[in-house]
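Chains as they are written, first to last, in my numbering: chain A, 9 to 439; chain B, -16 to 264. Backbone N, C-alpha and C define an ideal beta-carbon position, used for all residues, glycine too. What follows is a short report on a single structure.
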Ligand SMILES: Cc1cc2nc3c(=O)[nH]c(=O)nc-3n(C[C@H](O)[C@H](O)[C@H](O)COP(=O)(O)OP(=O)(O)OC[C@H]3O[C@@H](n4cnc5c(N)ncnc54)[C@H](O)[C@@H]3O)c2cc1C
Ligand SMILES: Cc1cc2nc3c(=O)[nH]c(=O)nc-3n(C[C@H](O)[C@H](O)[C@H](O)COP(=O)(O)OP(=O)(O)OC[C@H]3O[C@@H](n4cnc5c(N)ncnc54)[C@H](O)[C@@H]3O)c2cc1C
């Protein structure tokens, strides 16, 4: 059987970016995806960040299936019956090359996969890679698939097989991902007629709204929720750390039901018809949970490497960027006639270090630990909402007294020292 | 031996929704698959090829995306794939589809005479089961529908013997070639393609035919023009809103359970009780 320059396992954002970049440069690439068509298994909110894709396919806007570009971002801190929040909307987001879009992953991935095929890569679907093949020296030399005659060899293997990366674990390239480093998210897509949706969210055709949500809705578990507008549907989802789910015994689906029934959300999705239900893991351990990223004959990209910025809900862009950088590293080695040894693949890690991928992950490295402290998840959201209500309710009490009582509630529930400590932690985590 | 298998790419019906406002079928985002019934025909054709040698050609009439269905058929082991695609075919009903396919099959036969044609029993989207018979009629092929098993293929004597599932039993039918067969579902299981076949399917060139390539000259017989069928209305059936009623049968004997069921039913449908009573007499 023929030998390839590179085998890419997985056709998600990371695998497609890597395969496309490699094939465009003329390398002989085989991409293997277990799904019936690329994208059937992948889950995302889904916000697409244009920049990462633009660096791979500059004119993607010409034919990619984009739902809406984002003109408005809301951040809500929820309490049981209320939310306080910020709201930023600008007409300058209605630019020629918008920066963020909502997408439907199934359609987007299908499009991306089409581009990958056009680029000259050999794409094989409905085929599962069972394990990595090693030579006597321990170097990864290929993959074993579930088909007859399915051992295939290559100079390098890119692992773009997503959050679980069973393959890396089996080959002893990484540890099993810990429950405290992975979130479980559930999401639904609700169909709404376009005109209803646009009037509800106060948007024009093609404009979109993003709502990011935190607060008591996660019942003290570390997690967030979201609502995104697509062309004719809204995506609504919620996720928390797997370990917290295990600890609380609350099911993700219960949280999603709570979210849909929250008075701030209910009217936004009323009358919608559920089109899709999905659940997926997200690696949210951040910088401190990163595994080894490359070795003899292999590289890890995207979710399999744990490249997710949970604070900004960015994943697909880190996936695409790491996929591109892995490809560029291999292209450079091929051009220089150098083998894909662990030492030579260090160039990939260096390229990552120079990019926003590592810079952002490093910046937020303290956030996962922060979210293990419950005051950030329930106490503050409750206090904030109560404070807002106290200030807004006109009931004969003067504003100064109201202010004092609101502040007093913070001190009472968290103590002055606790407040100072939390401020420091927040500052350190987000500086 | 040359076998042609007609396949149709259909939306995965398990994932189709009707647009709540316009009542049109929402195909957006619904994955397309090979009509599941066609896979039984394709597998049967491939088994005949395994046994007797020869060639299996697959053909589909559809939009350019139907290429995926053809490539999949190639991965299972079909030798050649023909995509019949032309704007002129759009809006075809079963009659126009049969006419177009029949002409394309004629064209295929000019180069390599066709011994057997397979189609699925029916599709999961159109569901009419008319295209197979329609093609057979136009090409004057012997028609064998609902075939459960091929007992014998005698290439020298140019006959085929099959078991056909019919109302109340099985018919054993023998006829001459060329014939058109529609296979019954569940009669075989599609093979799992080898890696080599996957590579070949992904890389082989497709034969793409427009109406001229297929030798179609009379466009009044194809596409919308050749389709006398009119869709007057499309609507989603109302979901059944009456929930199932649970009966407590704990500790009851079979007779008591039967009585309970009859009593419960007749309490809701009085005439039923009368009818049962009459019959019992
Ligand atoms: C609910 C939710 C909301 C999110 N929202 C956003 C968002 O709004 N914006 C954003 O940027 N990111 C978001 N993310 C994160 C984002 O979806 C991921 O970071 C991104 O999809 C990672 O891409 P990937 O290619 O690494 O992995 P995936 O997209 O998971 O792709 C992995 C692929 O590998 C295949 N595969 C796995 N194992 C094998 C095998 N053994 N053999 C063959 N194939 C295999 C899988 O079938 C799959 O296609 C969200 C995630 C979730 C769960
Ligand atoms: C008025 C009208 C307008 C229509 N307009 C459109 C339209 O614009 N676009 C559209 O996509 N559909 C359209 N359809 C549906 C389309 O005409 C039917 O799906 C098609 O004629 C096949 O009928 P069927 O699905 O019932 O197949 P059946 O008769 O149930 O199929 C039996 C077997 O015939 C073979 N077969 C059927 N169709 C094909 C094919 N195309 N290529 C190869 N083999 C085939 C397969 O082996 C299949 O298992 C329309 C139907 C009507 C009635």
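Q. At what residue ranges does the region 37 to 69 of chain A contain a whole run of the beta strand (DSSP E), taking only runs of 3 or more?
A. 37 to 40 and 55 to 57
Q: Confirm the yes/no value for this check: CB of residue 324 (chain A), any heavy atom of ligand 1, distance under 7 Å.
A: Yes.
Q) In chain order, what residues of the region 168 to 188 of chain B put their CB closer than 8 Å to some CB of chain A? A) 175, 176, 177, 178, 179, 181, 182, 185 and 186
Q: Please find out if some non-hydrogen atom of ligand 1 comes closer than 7 Å to the beta-carbon of residue 311 (chain A).
A: yes
Q. With 8 Å set as the bound, which would you pick, yes or no: does the beta-carbon of residue 222 (chain B) sit closer than that to a beta-carbon of chain A?
A. For residue 222 (chain B), the answer is no, since every Cβ of chain A falls outside 8 Å of its Cβ.
Q) Taking the alpha helix (DSSP H) that residue 266 (chain A) falls in, what are its first and last residues? A) 260 to 269
Q. Is the region 199 to 206 of chain B in contact with the region 75 to 91 of chain B, if contact means three or more CB pairs nearer than 8 Å?
A. Enough Cβ pairs lie closer than 8 Å, so yes.
Q: Please compile the residues from chain B whose C-beta is within a distance smaller than 7 Å of the C-beta of residue 158 (chain A).
A: Ordered by position in chain B, the residues that pass the 7 Å Cβ test against residue 158 (chain A) are 178.
Q) Thinking C-beta only, is residue 31 (chain A) closer than 8 Å to residue 124 (chain A)? A) yes
Q. Given a limit of 7 Å on CB to CB distance, which residues of the region 130 to 155 of chain A reach chain B?
A. 130, 131, 132, 135, 153 and 155
Q: Go ahead and pull the three-state DSSP assignment for residue 209 (chain A).
A: coil
Q: Might you give, ordered along the chain, the residues of its own chain that have their beta carbon closer than 6 Å to the beta carbon of residue 232 (chain B), omitting 5 neighbours on each side?
A: 240
Q: Decide if the region 152 to 163 of chain A is in contact with the region 44 to 60 of chain A; the criterion is three or more beta carbon pairs, one per stretch, under 8 Å apart.
A: no
Q: Mind reading off the beta-carbon distance from residue 305 (chain A) to residue 316 (chain A)? Whole number of angstroms is fine, and I expect it under 8 Å.
A: Residue 305 (chain A) to residue 316 (chain A), Cβ: 25 Å. No contact.
Q: Write down the C-beta distance between residue 239 (chain A) and residue 212 (chain A) rounded to the nearest angstrom, noting that I regard them as a contact closer than 8 Å.
A: No, residue 239 (chain A) and residue 212 (chain A) are not in contact; Cβ-Cβ is about 12 Å, not under 8 Å.
Q: Using a Cβ cut-off of 7 Å, pull out every chain A residue sitting near residue 19 (chain B), in sequence order please.
A: What residue 19 (chain B) touches in chain A: nothing, since even the nearest Cβ is about 13 Å away.
Q. Applying a beta-carbon distance threshold of less than 7 Å, which residues of chain A neighbour residue -6 (chain B)?
A. Neighbours of residue -6 (chain B) in chain A, taken as residues at a C-beta separation under 7 Å, are lacking, since the least C-beta distance is about 13 Å.
Q. Using CA coordinates, which residue listed in A:265, A:131, A:290 and A:120 is at the minimum distance from residue 187 (chain B)?
A. A:131
Q | Ranges of the alpha helix (DSSP H) found wholly within the region 87 to 159 of chain B, counting only runs of at least 4 | A | Those alpha helix (DSSP H) runs which fall completely within the region 87 to 159 of chain B and span 4+ residues are 114 to 122.
Q. Which residue comes first and which comes last in the beta strand (DSSP E) that contains residue 97 (chain A)?
A. 91 to 97
Q | Contact set between residue 46 (chain B) and chain A, taken where Cβ atoms lie within less than 7 Å | A | Residues of chain A passing the Cβ test: none, with the nearest at roughly 14 Å.
**Q.** Closer than 8 Å to chain B by CB, residue 45 (chain A)
**A.** yes
Q) To the nearest angstrom, how far is it from the Cα of residue 85 (chain A) to the Cα of residue 339 (chain A)? A) Rounded to the nearest whole angstrom, the CA to CA distance from residue 85 (chain A) to residue 339 (chain A) is 46 Å.
Q | 8 Å Cβ shell around residue 360 (chain A) - same chain, five flanking residues per side excluded | A | Excluding residues within five positions, the ones whose Cβ falls inside 8 Å are 301, 330, 333 and 366.
Q) If we count Cβ pairs, one from each stretch, closer than 8 Å, do we get three or more for the region 82 to 99 of chain A versus the region 141 to 148 of chain A? A) no
Q) Is there at least one non-hydrogen atom of ligand 1 closer than 7 Å to the beta-carbon of residue 21 (chain A)? A) yes
Q) Rounded to a whole number of angstroms, what is the C-alpha to C-alpha distance between residue 156 (chain A) and residue 184 (chain B)? A) 15 Å
Q. Thinking C-beta only, is residue 224 (chain A) closer than 8 Å to residue 263 (chain A)?
A. no
Q: Put residue 198 (chain A) into one of helix, strand or coil per three-state DSSP.
A: strand
Q: Kindly identify the DSSP beta-bridge partner or partners of residue 68 (chain B).
A: None, per the DSSP bridge assignment.
Q | Sub-8 Å separation of residue 165 (chain B) and residue 103 (chain B) beta-carbons | A | yes
Q: In the DSSP assignment, find the unbroken alpha helix (DSSP H) run with residue 30 (chain B) in it and report its ends.
A: 19 to 35
Q | Own chain partners of residue 234 (chain A) with C-beta closer than 6 Å, once the 5 adjacent residues on each side are dropped | A | 53, 220 and 245
Q. What's the call for residue 134 (chain B), buried or exposed, on a 16-neighbour Cβ count within 10 Å?
A. exposed
Q) Using DSSP with H/G/I as helix, E/B as strand and the rest coil, what is residue 320 (chain A)? A) helix
Q. Hey, out of A:105, A:379 and A:80, whose CA is closest to residue 74 (chain A)'s CA?
A. A:105
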